[in-house]
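J.: Mind looking over this structure? Questions follow.
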Amino acid sequence: MKNNDQRSSLIWCAIGLAIVLYSGKYGLGTLSSPGPGFVPFLTGLVIGGLSLVVFLQQWRKGKGEKLKDLWTKKDWPTILKVMGALVLYAIFLKSLGFLLTTFFLIVYLFRVIESMAWRKVLIGAILTAFGSYIVFEVWLEAQLPTGIFGF
Amino acid sequence: MEFFGNMFLGFQVALQPMNLFFCFLGVLIGTLVGVLPGLGPVAAMSLLLPSTFHVSPVSAIIMLAGIYYGAMYGGSTTSILVNIPGEAASVVTCLDGYQMARKGRAGPALGIAAFGSFIAGTLSIIGLMFLAPPLAEMALQFGPPEYFSLMLLGLIILTFLAGGSMSKALMMAAFGLFLGLIGMDIMTATPRFTFNLYFLTDGVGLVPVVMGLFGISEVLLNVEARIKQDVFETKIKGLLPNWKDWKDSAWPIVRGSVIGFFLGILPGGGAVISSFVAYAIEKRISKYPEKFGTGVIEGVAAPESANNSATGGAFIPLLTLGIPANAVMAMLLGALIIYGMQPGPMLIKQHPDLFWGTVTSMYIGNIMLLVLNLPLIGIWVKILKIPYPVLFPLILLFCLIGVYSLNNNVGEIGLMLFFGGVGYLMKKFNYESPPLVLALVLGPMMENALRQSLIMSNGSGDIFFLRPISLVIMLCTLTLLILPLVPWVKKKREVIGEMGEDD
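Quick note, the sequences are listed as chains A and B, same order.
Each residue of the first sequence is one higher than the last, beginning at 6 in the working numbering.
Each residue of the second sequence is one higher than the last, beginning at 332 in the working numbering.
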């Protein structure tokens, strides 16, 4: 494996192949009356074909960006922490309600990611949770989830 | 006379207090998201889309359009003062705008950006008014083969102009098409590729994908790099460009307007690409190309005019053919359908108040923007000073709320987060996201057109080459696919691609 374009093209090749195989399941139909799987099948072929083109182009070119070049000196664990928090937000939004989940999310982002002082964190989180509630729920009537505590 | 009648109707609609208010709200929000890095017009429009369900469709479209062209004004401010593009169409403005600011000429740079935007915006609205109605008449002759060829051309243009590897961009377009096909098949009512997830039956929503690719992933990249905003600490004085500035910028503004307008019309064109092309052309025909990048005013005037002019042009395919030219227009298409209107050749005839009201509101909006961006520039500079650690949790929260409130569905938050991760990896591995978004919108339309064409022709692909309009479009498409293999063109594309990676 010489560079990142080759790595990513192999992933796309697999995706293209999977689409091609799955499309058959939905029925390709005939050219004069194409079935539900017909156009997805074509897109899968294009993705797979192009990924091979990229792979071979890079084979000739050889050198290129390496995997580790992408994350050197970058703060990538932070990315996982932020993404994790957002996933938890989605999971607890319905049961805890908008105000509580939002409060916790902002506390987490301010404190864990940005390590602000606790006073600032709490004031910021309360202001954000209530402020966004007023704008989106009261003013824009967005029907945010209320949760088991009823708020 | 009909034209003046229509104009009169338009102003009657646009000048209603309610519509004036929404126009103002639109350009205000547009400028705000333009100024804020990491939040662009597409994300802002998807955020506000659900909240427009309470107002009349005309007011809603006026506001959404205002966000789009407003963001073009706001983006330049951040580019010039902070050297971070406020939104994608202002990437090239950084090159010379920031250098001008460092030389103490932030005022004229901001001034020419605003005036250039105003002139270009106005010119492109005039173009839109004159071109759209006759084009809509012509579009009535289009059948499924023509629609299919045209949409294909749009995708190919976008991948051709995208810079970087064309194979990778085409791959993203194909993947976008595939994502567009997920959900219920219209002809047979078979659910496809839904993985038993109920919310996918209606298809992969545009809003979660766009918010993920453009909102979440952008924040992740900024958090990772720990961007520092160094707002250029200088008194901004003398916003009015001097006589020499005007002389230097006059033609770049005109050229930028024309380039922007026509690239805007092309499906797949749009503000980002036209700003790159306008800059490249100015540099090419300049007597002193070596000075570009050191703070020449042409380097600000041309791309800023082009990106504003493109906004007017981009409305044409949407309002005449029902085909969105870019991701922003795709949002508007979605909005129009939600309001029960069918975008296409009949739209101008069936809803003249919508068409002429929106177009004339754009005149008014441009005047509002000139006021917002010149005398009130200080406000935006203050907003630029909000530190990113405070800003990014808010942007994330807005994305979460925006996606949830669209259908009150947590599944779509999951979808957005998924595409946030995908978008982050795509940026890391140099894959373009605009082709994916456009293809996602065009997917169902293209599939329909292709299947109908094949049914019409009894299974023969000749149908795309036997009908004259379709033949011409197909030939353009093939040319664009072959061109990148020509060494000279290949080199040119790489140059533009590298410019895009500087941000």
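In this text, a Cβ means the ideal position worked out from N, Cα and C, and glycines have one as well.
Among GLY696(B), GLY485(B), GLN430(B), which one has its Cα closest to the Cα of GLY774(B)?
T.: Nearest option by C-alpha distance: GLY485(B).
J.: With respect to the alpha helix (DSSP H) encompassing LYS307(B), which residues constitute its N-terminal and C-terminal limits?
T.: Past the boundaries of the shown model lies residue 307(B); chain B is included only from 332 to 834, so the question cannot be answered.
J.: Classify PRO368(B) as helix, strand or coil using the three-state DSSP reduction.
T.: In this structure, PRO368(B) counts as coil in the three-state DSSP scheme.
J.: DSSP three-state call for MET349(B): helix, strand or coil?
T.: Helix at MET349(B).
J.: Does ILE153(A) have its Cβ less than 8 Å from a Cβ in chain B?
T.: Cβ-Cβ to chain B under 8 Å: no for ILE153(A).
J.: Taking 8 Å as the CB-CB limit, is LEU356(B) close to chain A?
T.: Output row for LEU356(B): interface = no.
J.: Determine whether the Cβ of ASP793(B) lies closer than 8 Å to any Cβ atom of chain A.
T.: Judged by the 8 Å Cβ criterion, ASP793(B) is not in contact with chain A.
J.: Measuring only the C-alpha atoms, how far is LEU481(B) from LEU26(A)?
T.: Approximately 29 Å between the Cα atoms of the pair.
J.: Can you tell me where the alpha helix (DSSP H) with LYS713(B) in it begins and where it stops?
T.: Run containing LYS713(B): 708–715, per the alpha helix (DSSP H) assignment.
J.: Determine whether the beta carbon atoms of MET660(B) and LEU649(B) lie at a separation below 8 Å.
T.: Yes, Cβ-Cβ distance for MET660(B) and LEU649(B) is below 8 Å.
J.: Give the DSSP bridge partners of GLY514(B), in chain order.
T.: Paired residues: ARG523(B).
J.: Are the CB atoms of LEU731(B) and TYR113(A) nearer to each other than 8 Å?
T.: No, they are not a contact pair.
J.: Would DSSP call LEU22(A) helix, strand or coil?
T.: Helix at LEU22(A).
J.: Is the Cβ-Cβ distance between GLY5(A) and GLY42(A) less than 8 Å?
T.: Examination of residue 5(A) is not possible in this model, given that chain A is present from 6 through 156 alone.
J.: Less than 8 Å between C-beta atoms, sequence neighbours within five positions excluded: which residues of the same chain meet that for GLY357(B)?
T.: ILE393, MET394, LEU395, ALA396, GLY397, ILE398, GLY401, GLY696.
J.: Check whether the region 576–595 of chain B and the region 628–639 of chain B are in contact - that is, three or more C-beta pairs closer than 8 Å.
T.: As far as the Cβ criterion goes, the region 576–595 of chain B touches the region 628–639 of chain B, which means the pair count is three or higher.
J.: State yes or no: is the C-beta of SER120(A) within less than 8 Å of the C-beta of ILE153(A)?
T.: In this structure, ILE153(A) does not lie closer than 8 Å to SER120(A) by Cβ.
J.: Is it buried or exposed for ASN789(B), if we count other Cβ within 10 angstroms and need 16 for buried?
T.: Classification for ASN789(B): exposed.
J.: List the residues of chain B whose Cβ lies closer than 9 Å to the Cβ of LEU145(A), in chain order.
T.: Per Cβ cutoff of 9 Å: LEU379, PRO381, SER382, HIS385, SER736.
J.: For the region 512–539 of chain B, which residues have a beta carbon sitting closer than 8 Å to at least one beta carbon of chain A?
T.: Answer set for the region 512–539 of chain B: LEU512, ASP516, MET518, THR519, THR521, ARG523, PHE524.
J.: Smallest Cα separation from VAL721(B): which of GLU142(A), ALA122(A), PHE141(A)?
T.: The shortest C-alpha separation from VAL721(B) is found at ALA122(A).
J.: With 8 Å as the C-beta to C-beta threshold (strictly closer), list the residues of the region 479–508 of chain B near chain A in chain order.
T.: Result list: SER496, SER498, LYS499, LEU501, MET502, ALA505, PHE506, LEU508.
J.: Taking three-plus beta-carbon pairs below 8 Å as touching, is the region 705–722 of chain B in contact with the region 530–544 of chain B?
T.: In short, these stretches do not touch, since the Cβ pair count stays below three.
J.: Quick one: which unbroken alpha helix (DSSP H) runs of 4-plus residues sit fully inside the region 417–472 of chain B? Chain order, please.
T.: Runs found: 422–433, 437–470.
J.: Helix, strand or coil for PRO41(A), going by three-state DSSP, please let me know.
T.: Coil, per DSSP.
J.: Considering just the uninterrupted stretch of the alpha helix (DSSP H) at MET616(B), what are its terminal residues?
T.: The question names Met, yet the displayed sequence has Ile at residue 616(B). Looking at the DSSP string, the run of the alpha helix (DSSP H) that includes ILE616(B) is 602–616.
J.: Determine whether the beta carbon atoms of VAL373(B) and VAL541(B) lie at a separation below 8 Å.
T.: Contact: yes.
J.: Would you mind sorting MET376(B) into buried or exposed? The rule is 16 or more other CB atoms within 10 Å of its CB.
T.: MET376(B) should be labelled buried.
J.: My output table needs one value for GLY495(B): the three-state DSSP class, helix, strand or coil.
T.: Looking at GLY495(B) - three-state DSSP - the assignment turns out to be coil, as it is neither helix nor strand.
J.: At a Cβ cut of 7 Å, what residues of the region 777–792 of chain B count as close to chain A, listed as they run along the chain?
T.: Against chain A - using a Cβ distance shorter than 7 Å - the residues of the region 777–792 of chain B are GLU778, LEU781, ARG782, LEU785, ILE786, ASN789, GLY790.
J.: Which same chain residues, not among the five before or five after THR408(B), have their C-beta less than 6 Å away from its C-beta?
T.: If we look at THR408(B) and ignore the five residues flanking it on each side, its Cβ neighbours are VAL366, TRP711.
J.: Quick one: give me the first and last residue of the alpha helix (DSSP H) that PRO82(A) is part of.
T.: Looking at the DSSP string, the run of the alpha helix (DSSP H) that includes PRO82(A) is 81–101.
J.: Check the Cβ of LYS99(A) against every Cβ in chain B and list those closer than 9 Å, keeping chain order.
T.: In chain order: VAL741.
J.: Note down the Cα distance separating ALA437(B) from LEU570(B), rounded to an integer number of angstroms.
T.: Each residue's Cα considered, the two are about 8 Å apart.
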